[in-house]
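Last residue of the sequence shown: number 197 in the working numbering, and the count goes up by one each step with no gaps. We treat Cβ as the ideally placed atom computed from N, Cα and C, and that holds for glycine. Here the structure is a predicted model, which is why all the values come from computation and not from measurement.
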Amino acid sequence: MRYLLDTTVFIDVARRHPAVTKWLGSFADSPERLATSVISVAEFFTGLPPAQRAAARKYLRAFTVLPISFEDAVRAGEIRWEYRGQGVTLGLLDALQGALAERRNLTIATSNARHFPCVPTFDPRLYESRLV
């Protein structure tokens, strides 16, 4: 399985969440299974104090950072339209993230699964409980 890392993963790493840190560490031999997006990078830097930005830049560059394509943008609009018809409002950035994951067959790693009803998700905070 390949994962698209949502912003919540990086926030949890910065807060040293043990399960998330352990889950990411389990990919030491297969880092190509992890990617993030330009959206997650921007969202993470939005809440990051200037003193932490250089280290965060270095850390995030270790991951494949996926851009948003024209087709991702089209699919995001379609997803928002589909869910709006069901009475569900999806944020634009979440729809873009979902479209990016859907089109590349990625599972979104996030602690906010409700933001991504259109694609499979996995909560890395639950990693330790799945090992038992």
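At what residue ranges does the segment 87-121 contain a whole run of the beta strand (DSSP E), taking only runs of 3 or more? 99-102
8 Å Cβ cutoff met for A121 and F110: yes
I'd like the list of long-range same chain contacts for D77, defined as Cβ closer than 6 Å, with 5 residues on each side in sequence excluded. V85
Helix, strand or coil for A127, going by three-state DSSP, please let me know. coil
For L125 and V106, believed in contact at Cβ under 8 Å, the rounded distance: 6 Å
What residues in its chain sit with their C-beta under 7 Å from that of E167, if we drop five residues either side in the sequence? R140, C183, V184
Between the CA atoms of A138 and Q117 - distance to the nearest angstrom: 31 Å
Please name the residue, chosen from S134, H180, A178, that lies closest to L165 on a Cα-to-Cα basis. S134
Give the straight-line distance between the Cα atoms of E58 and A100, rounded to the nearest whole angstrom. Nothing about residue 58 can be read from this structure; the chain reaches only from 66 to 197.
Among A79, E136, L89, the one whose alpha carbon lies nearest that of D188: L89
Per DSSP, which residues does Y192 bridge with? Please list them. Beta-bridge pairing links Y192 to no other residue.
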